[in-house]
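Data block below; observations after.
In our numbering, the protein residues as written are 49 to 177.
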């Protein structure tokens with residue numbers, strides 16, 4: 049019996065040794081089994097996001113083109129308004145060549161108000177207290 053018991057111990061020990069040899073390989077296989085499907089899901093979600101972004105990009109391009117056309121139309125309307133304003137102003141100028149009402153400048157220097165001479169005054173800070 050002793051031989052049989054020793055053989056079981058050897059078999060038990062060899063099973064543990066074999067398991068320890070292949071443990072890293074088993075761990076890698078298990079982790080890949082969980083990792084690969086998640087990568088596939090991530091790839092699908094990224095493809096979906098890329099498709100949505102492309103659709104948004106095409107929409108924004110179309111909107112940009114529409115806005116450029118609208119800006120051109122607004123510039124044309126603005127030019128037409130400027131031309132329409134220029135025509136009445138040109139015809140109104142000969143009738144109203146009046147100067148703006150401003151007080152005229154005095155001709156003589158004596159009519160001008162006197163300015164105080166700042167340089168001739170002595171500063172009050174020089175006086176002792």
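C-beta: ideal position from N, C-alpha, C; glycine also. In this text, all values refer to a predicted model and were calculated from it rather than measured experimentally.
Between the C-alpha atoms of residue 80 and residue 74 there is a straight-line separation of about 10 Å. A distance below 6 Å between beta-carbons, with the five flanking residues on each side excluded, links residue 91 to no residue of its chain.
Taking C-beta separations shorter than 7 Å and ignoring five residues to either side along the sequence, residue 85 has no partners in its chain.
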